[in-house]
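A.B. asks: Quick one: this structure, given as C-alpha cells, is what I'll be asking you about.
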Amino acid sequence: MFYTIQGDNKLDIDSNGCNSNDPVFPNLKLNRTNNSGNLTGVYVFDNSGNYNISAQYGTHTITPILENPTYFTVTPASLVVNFPTDASPYNQDFCLVPNGVHNDLEITILPIEQARPGFDTGYKIIYRNKGNTELSGSVNLMFQDDVMDLVSANPTADNQVLNELSWNFSNLLPFESREITFTMNLNTPTDTPPLNGDDVLMFTATANPVSGDEMPEDNEFILNQTVVNSFDPNDKTCLGGEIITPEQVGKFVHYMIRFENTGTASAVNIVVKDDIDLAKYDVTTLIPLNGSHDFVTRIKEDNVVEFIFENINLPFDDANNDGYVLFKIKTLPSLVLGDTFSNDAEIYFDYNAPIITNDELTTVAENLSIEESILQTTVKIYPNPVSDELTIDSKGILETISIFDVNGRQLQTFVIGGSTNKSKININMLSKGVYFVSIKTETGIQISKIIKE
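The opening residue of the sequence shown carries number 157 in this note's numbering; numbering runs sequentially from there.
In C-alpha cells, the structure reads:
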C-alpha cells in the first residue's frame with residue numbers, strides 16, 4: 157500500500173509571510189530518508205511549485221535541499237511523517253525567506269534542433285535569477301557571423317553588431333526565468349566559408365552584471381555544437397562539447413535530451429530515464445533546468461533519474477511532435493586527465509519499448525596549444541574508433557597530420573608530401589585511449605578527437 161505526502165512552496169520575497177500572492181521556487185529538491193538516515197528517494201518540485209511523494213508503511217523524513225543553502229531559510233527545515241499513524245494524503249507546504257543579500261544570475265544556451273548545413277536552426281537562451289534580490293541587466297550573445305545569418309529573434313535584440321546580439325532586462329525576480337529564442341540560417345558546404353558535417357559552432361552567452369555576482373562562473377555559458385549531416389530526433393547532447401579541462405572537473409556539465417514522437421498517434425505520457433554513473437557523476441547535484449513541457453523529476457535506486465511528462469499528448473505531426481529536457485550535474489572531483497565520462501538515456505513513449513539515445517562521451521583533456529580554425533577546411537577522418545590505420549580525406553591539400561594525447565603532448569607528426577588531399581597513417585603503436593588529431597591543410601587547421609581501440 158502506498159501513502160502520499162504532498163504540498164507546495166512559496167518564496168516570501170516581500171517578507172510578510174508566505175501567501176498565495178508569492179511566487180514559487182521551481183525545481184526545489186526534497187530528500188526522503190528512513191529511520192536509519194538512509195536516502196530512499198529524491199523528489200523535485202515542478203515548475204508550479206508542487207510536489208507529490210508516494211511512500212510506503214513506516215517513518216519518512218523529508219528535507220528540502222537548496223543549491224545555495226545560505227541564500228534562503230526554509231520552514232519547516234524538515235518534516236517527519238509516520239504511516240499509517242498520520243493520515244494520507246499528508247499535506248505540508250514549505251516557505252522560503254531570503255537570508256541576507258545575494259545576487260546570482262545564471263544563463264544557458266540550448267539548441268532546439270541539430271545543426272545541419274544550409275538549414276535554419278533554432279536556439280533558446282534561458283537566464284534566471286538564482287539569488288534573493290530583484291535584478292536588472294543585459295544578456296549578450298556572441299556567435300560566428302561568417303558561417304550563419306540571423307533569421308529572427310524573440311524578443312528582438314536591443315543592439316546588434318558584427319558577431320554579437322544583446323538584450324536588456326529589468327526587474328527579474330528571485331527564481332524567475334526568462335527566455336530568448338533565435339533562429340540562424342547556416343552556411344552550406346559551397347558557401348564561403350563552407351560549413352560541413354563535424355564542424356563545431358560556438359556560441360557564448362553572458363548574463364550581466366557579472367560584477368557583484370556570487371557565482372560569476374555561471375554568468376557565462378559556451379555552447380559547442382557539432383554540425384551533422386543526418387538527423388536523429390531522439391538524442392542526448394553535452395552542451396559544453398566533447399572536452400572539459402582539468403579546471404572544469406567537479407563543476408557542472410549540462411545535458412539536453414531531445415525526443416520526438418515519430419509514431420502514428422499522440423503520445424500521452426513520456427518518461428525519459430537516465431542511469432547516472434556514480435563512478436563519474438555526483439547524482440546529488442543533479443538539477444533540472446528546463447523542459448519543453450511540464451514535467452516532474454524523481455531519483456530512485458540511488459542513480460536512476462526519471463523525467464516524467466504526464467498527459468502532454470505529444471502530437472505526431474512534424475510541426476509539434478518534439479520535446480526536450482535540460483539538466484545539469486557535477487562530475488566527481490576525482491576525475492583526472494584522460495578520464496572519460498559518458499551518458500545515454502532511454503525514452504519511453506507510453507507503453508512502447510524504449511528508444512535508446514546515443515552515448516554522449518566527454519573527455520578530460522588539456523586545451524591543445526594550437527590555433528584552431530576548424531571552419532576553414534573540410535576534413536573527414538575514418539574509421540573512428542580506429543585500431544591501426546587512420547584515413548584522412550580532405551577537400552584541401554594536406555600539409556601535416558599531428559597526433560596529441562589528452563595532456564596536449566605531441567606524439568607523432570606526419571609531413572604529407574605532394575599535392576594530395578587523402579592520406580593514410582599508421583597509429584598501431586599507440587596505446588588504447590583517446591587522442592586528438594590536428595590536420596593542417598592549405599586553408600586551415602582542424603582538430604578532431606579519435607578513440608584508439
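Glycine included, every Cβ here is placed at the ideal spot set by N, Cα and C.
The structure presented is a predicted model; accordingly, all values stated were derived computationally and were not measured.
(1) Are three or more beta carbon pairs between the segment 381-388 and the segment 355-372 nearer than 8 Å?
(2) What residues in its chain sit with their C-beta under 6 Å from that of Y246, if we drop five residues either side in the sequence?
(3) Considering only residues of the segment 476-542, which uninterrupted beta strand (DSSP E) runs meet the minimum length of 3 residues and lie entirely inside it, listed in chain order?
(4) Go ahead and pull the three-state DSSP assignment for Q404.
(5) Count the C-beta pairs between the segment 280-293 and the segment 387-399 that are closer than 8 Å, then say yes if the count reaches three, no if not.
(6) Please classify L318 as buried or exposed, where buried requires at least 16 neighbouring CB atoms within 10 angstroms.
(7) Find out if the Cβ-Cβ distance for the pair D168, V180 is shorter than 8 Å.
(8) Between P225 and the rest of its own chain, which residues show a CB-CB distance below 7 Å, the 5 nearest in sequence each way excluded?
(9) Taking the alpha carbon of D430 as the reference point, which residue from I413, F201, N385 and L252 has its own alpha carbon closest?
(10) Would you call the segment 456-470 in contact with the segment 207-219, where contact means no fewer than 3 C-beta pairs closer than 8 Å?
(11) With H, G and I counted as helix, E and B as strand and the rest as coil, what does DSSP make of P372?
(12) May I ask you to report which of helix, strand or coil DSSP gives G256?
(13) Rounded C-beta distance between M298 and M340? I'm assuming under 8 Å.
(14) Which class does E398 belong to by DSSP, given the choice of helix, strand or coil?
(15) For N255 and P182, what's the separation of their Cα atoms in angstroms?
(16) Using three-state DSSP, classify S367 as helix, strand or coil.
(17) Helix or strand or just coil, what does DSSP make of N446?
(18) Taking 7 Å as the cut-off, is the C-beta of P182 nearer than that to any heavy atom in the ligand PLP?
(19) So, using beta-carbon positions, are V405 and L491 closer together than 8 Å?
(20) Across which residues does DSSP place V590 in a beta bridge pair?
(21) In whole angstroms, give me the CA-to-CA distance for M585 and E262.
(22) Using 8 Å as the cut-off, can you tell me whether the segment 438-448 makes contact with the segment 477-497, which would need three or more C-beta pairs spanning the two stretches below that distance?
(23) Which class does D355 belong to by DSSP, given the choice of helix, strand or coil?
(24) Of the choices T229, F408 and F338, whose alpha-carbon is the least far from that of D620?
(25) For N259, which residues from the same chain have a beta carbon less than 7 Å from its beta carbon, with the 5 sequence-adjacent residues on both sides left out?
(26) Of the choices V253, S234 and F465, whose alpha-carbon is the least far from that of G173?
(27) Tell me, please, which residues DSSP counts as bridged to K429.
(28) On a CA-only basis, which of S543, K578, A521 and L567 is nearest K536? Give me that one, please.
(29) Using 10 angstroms around the beta-carbon of K588, count the other beta-carbons present and answer buried if the total reaches 16, otherwise exposed.
(30) Going along the chain, which residues of its own chain have a beta-carbon closer than 8 Å to the beta-carbon of I548, five neighbours each way excluded?
(31) In this structure, does DSSP put S234 in helix, strand or coil?
(32) To the nearest angstrom, how far is it from the Cα of S234 to the Cα of A309?
(33) When burial is assigned at 16 or more other CB atoms within 10 Å of the CB, is Y507 buried or exposed?
(34) For E522 versus V562, is the C-beta spacing smaller than 8 Å?
(35) Using only alpha-carbon positions, find the residue among I221, F387, S575 and T219 that is nearest to F275.
(36) Assuming I511 contacts N390 under a Cβ cut-off of 8 Å, what Cβ separation, rounded to an integer in Å, is found between them?
C.D. replies: Short version:
(1) For the pair of segments examined, the segment 381-388 was found to touch the segment 355-372: the number of CB pairs separated by less than 8 Å reaches three.
(2) Excluding positions up to five away in sequence, the list reads I161 and V237.
(3) DSSP runs (the beta strand (DSSP E)) wholly in the segment 476-542: 478-487, 496-499, 502-505, 516-520 and 535-538.
(4) In the three-state reduction of the DSSP assignment, Q404 falls in the helix class, which pools H, G and I.
(5) No, because fewer than three Cβ pairs between the segment 280-293 and the segment 387-399 fall closer than 8 Å, the two stretches do not touch.
(6) Residue environment: L318 is assigned as exposed (fewer than 16 neighbouring CB atoms within 10 Å of its CB, all protein chains considered).
(7) In this structure, V180 does not lie closer than 8 Å to D168 by Cβ.
(8) Closer than 7 Å at the Cβ level, and outside the excluded window around P225, lies no residue.
(9) Of I413, F201, N385 and L252, the residue nearest in Cα terms is I413.
(10) No: the two stretches stay apart, fewer than three of their Cβ pairs being nearer than 8 Å.
(11) DSSP, reduced to helix, strand and coil, places P372 within a helical segment of the structure shown.
(12) G256 falls in the coil class under three-state DSSP.
(13) About 13 Å separates the CB atoms of M298 and M340; that is not less than 8 Å, and the two are not in contact.
(14) Three-state result, E398: coil.
(15) Spanning the two alpha carbons is a distance of roughly 18 Å.
(16) Reduced to three states, the DSSP call for S367 is coil.
(17) If DSSP states are grouped into helix, strand and coil, N446 belongs with the strands.
(18) The ligand PLP is not part of the structure shown, which contains no ligands of any sort.
(19) Yes, they are a contact pair.
(20) BP columns for V590 point to I607.
(21) Taking the straight line from one Cα to the other gives about 46 Å.
(22) Contact between the segment 438-448 and the segment 477-497 is present, with at least three C-beta pairs closer than 8 Å.
(23) Coil at D355, not helix or strand.
(24) The structure shown has nothing for residue 620, since the chain only spans 157 to 609.
(25) Closer than 7 Å at the Cβ level, and outside the excluded window around N259, lie G287, T289, L291, G368, D369 and E370.
(26) Of V253, S234 and F465, the smallest CA-CA separation from G173 is found for V253.
(27) Per DSSP, E462 and E502.
(28) Put simply, of S543, K578, A521 and L567 the residue whose alpha carbon is nearest the alpha carbon of K536 is K578.
(29) Exposed, since its Cβ has fewer than 16 Cβ neighbours within 10 Å.
(30) V535, K536, I537, L554, I557, K578, S579, K580, I581, V593 and I595, listed in sequence order.
(31) In the displayed model, S234 falls within coil according to three-state DSSP, outside both helix and strand.
(32) When only Cα atoms are considered, S234 and A309 end up about 44 Å apart.
(33) It is exposed - the Cβ of Y507 has fewer than 16 other Cβ atoms within 10 Å.
(34) Yes, Cβ-Cβ distance for E522 and V562 is below 8 Å.
(35) Ranked by Cα distance from F275, the first of I221, F387, S575 and T219 is F387.
(36) Confirmed, about 5 Å.
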